[in-house]
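Counting the sequence shown from 1 gives a position; our numbering is that position plus 2.
Here's the structure we're looking at; comments come further down.
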Amino acid sequence: MQRLTIDIVSDVTCPWCIIGYQSLKLALQQLEKELAATLSWHPFEINPQVGKQGQIKRENLQQKYGLSDEQIAQNFDNITKRANELGFDMRLDKQSHTYNTFDAHRLLHWAKLQGQDTALKMALFTLYFTDGGNPSDHQALLQQVDQLGLDVDAAKQILASDSYAEEVRADISHYQQLGITSVPTFVINGKYGISGGQPVESFVEGLRNLALKERGNSGK
């Protein structure tokens, strides 16, 4: 069985990141007899300029992309439909703001050291997209940590300091230097990229082809 490493570059307030991950997860289930994958999450800030109080999402989208209210509403409908079809409860109507996610990424780095990055990432996706919560709010972050059974006191100390800030910035810089400017991006075996919230079948085809290519390169 071919083994792949998949580095997932994403942000917790990016709807296409959870859509892409849900598609990837379903694709890996379909391919479980052909390949095995080790997943690792990496940070990206889609709105690093936004303060902890957040910015109204419609304002943000209008400023960044010049979208009209009608276009934003249509995009929200499409995103909600895609996510729900993939088994994620997306409720964009509950979330009116976008937020700074740097502290969330620092906690994710800490969780990754314990092998809990996927669990915390999913909790943060749910906090933001399903519950309409604020992923820059320290109490909200600590609640997710507590619900996962992780060390709340340790997490509190991290948030009260600049712990892992350097590591997160270095990780962001590393993937920017590789040319990644949008998310989600899935880096396979450190050299192949799949971008965006692709359909399940696109992931199946892409991963299968890359697994065959890697098998050929290894001579097996």
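Note that beta-carbon positions come from the ideal geometry of N, C-alpha and C, so glycine has one too.
As the structure is a computational prediction, the values presented were derived from the model and not from experiment.
Using a 10 Å radius around the Cβ and a threshold of 16 neighbouring Cβ atoms, would you call residue i buried or exposed?
i	result
Q200	buried
G56	buried
G151	exposed
A157	buried
L143	buried
N62	buried
A162	exposed
E12	Note on identity: in this sequence residue 12 is Ser, with Glu being the wrong assignment. Under this definition S12 is a buried residue.
A172	exposed
D153	exposed
P186	buried
L115	exposed
L30	buried
Q97	buried
Q141	exposed
Rounded to whole angstroms, how far is the Cβ of residue i from the Cβ of residue j, which I believe are closer than 8 Å?
i	j	result
V170	H99	So it is not a contact: roughly 22 Å between Cβ atoms.
N219	L6	The pair is not a contact, with the Cβ atoms about 12 Å apart (cut-off 8 Å).
V206	L33	6 Å
A85	I21	5 Å
L109	I174	Actually they are not in contact, since the Cβ atoms of L109 and I174 sit about 15 Å apart, beyond 8 Å.
P17	I81	5 Å
Y177	F46	7 Å
Q146	L122	6 Å
R93	G68	No, R93 and G68 are not in contact; Cβ-Cβ is about 26 Å, not under 8 Å.
Hey, out of the options, whose CA is closest to residue i's CA?
i	options	result
N248	L150, V52 and A75	Here the chain comprises residues numbered 3 to 222, so residue 248 is not present and cannot be evaluated.
F48	E61, L69, V14 and E34	The residue asked about is misnamed: residue 48 is Ile in this sequence, not Phe. Closest option to I48, Cα to Cα, is V14.
F188	A167, A113, L212 and N219	L212
F104	I21, R217, P137 and Y130	P137
A75	G192, D95 and D91	D95
W43	K193, I10 and F127	I10
D91	D71, K66, A125 and L143	A125
I182	E168, S197 and A172	S197
S25	S204, E216, R217 and G117	S204
D164	H111, S70, D79 and L88	H111
G89	Q145, G68, G208 and V202	V202
C19	G208, Q4, Q64 and T128	T128
According to DSSP, residue i sits in a beta bridge with which residue or residues?
i	result
Y194	I190
S12	P45
I58	H99
T1	The chain is shown from 3 up to 222; residue 1 falls before or after that span and cannot be answered.
For residue i, report the span of its beta strand (DSSP E) as first-last.
i	result
L109	Note, L109: premise wrong, no beta strand (DSSP E); alpha helix (DSSP H) at F104 to K114.
Since residue i is in the alpha helix (DSSP H), which residue starts that stretch and which ends it?
i	result
K83	D71 to E87
D153	Where D153 is concerned, there is no enclosing alpha helix (DSSP H), given that its DSSP letter is neither H nor E.
G22	P17 to Q32
T128	Unbroken run through T128: none, as it is neither H nor E.
Q141	H140 to Q149
D173	A167 to Q179
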